[in-house]
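Accompanying notes for the structure given below.
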Amino acid sequence: MSFRNRIAVGVLAIATVISVAACGNGTPSSSSSSSSSNSSSSSSSSSSAVQSDSAGKAGTHLAGTPVAIIKASDTLQWAPAAVTVKVGQIVEFTNPASNSITHNVTIANHTALSTTSQGLYPGAHWFVEFTTPGKYPFACTIHPGMDGTITVTAS
Ligand SMILES: [Cu+2]
């Protein structure tokens, strides 16, 4: 009688361990596979340091070849100050290494597309790609009057 009870308890205990182990194996493996795909996608975006908002994306590197290059000058101007590109095309801001003044690229109303506090130092590049047509005024906020406009047309 007590021997049978022990067997029953033993079987029950084993069954419980198996079901807990199976459940324990299933949950972490599925969550780790989803979290690893999450971390790989977030690490790839953070390694290229791409910022974005509803109007487009920007960063120190963007995949693709720029179709327009806007240079900052030590005479506190952008050259050219006005460019027209299509949706999906890349605009490059550059401050040639031969310059001595640090500027910044501030896209009006689009903090996410603007340079970080590091600015556009001599030798730096800043790439912007718009996904929404429109007129995008930009400026170097360090130097009043150093501004321009990017016009983005539909592709
Ligand atoms: Cu400037």
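Here the numbering used here is used: the first residue of the sequence shown is 2, the next is one more, and so on. Yeah, the Cβ is synthetic: ideal placement off N, Cα and C, and Gly gets one too.
Item, Value
"Minimum C-alpha distance to residue 1 - residue among 79, 64 and 62", "Because the chain spans 2 through 156 in this model, residue 1 falls outside it and cannot be assessed."
"Three-state secondary structure (DSSP) of residue 112", "helix"
"Cβ-Cβ distance between residue 123 and residue 156 below 8 Å", "no"
"Residue(s) in a DSSP beta bridge with residue 51", "Residue 51 pairs with nothing; no bridge assigned."
"Rounded C-alpha distance that separates residue 97 from residue 105", "13 Å"
"Outcome for residue 107 when other beta-carbon atoms lying within 10 angstroms are tallied against a minimum of 16", "buried"
"Residues proximal to ligand 1 by C-beta, any heavy atom closer than 7 Å", "73, 77, 102, 104, 105, 141, 143, 144 and 147"
"Span of the beta strand (DSSP E), counted from its first residue to its last, around residue 1", "For the chain, the structure presents residues 2 to 156; residue 1 sits outside this window and is missing."
"Buried/exposed call for residue 58, threshold 16 Cβ in 10 Å", "buried"
"Residue burial classification, residue 62 (beta-carbon count within 10 angstroms, cutoff 16)", "exposed"
"Per-residue burial, residue 119 [other beta carbons within 10 Å of its own, 16 or more giving buried]", "exposed"
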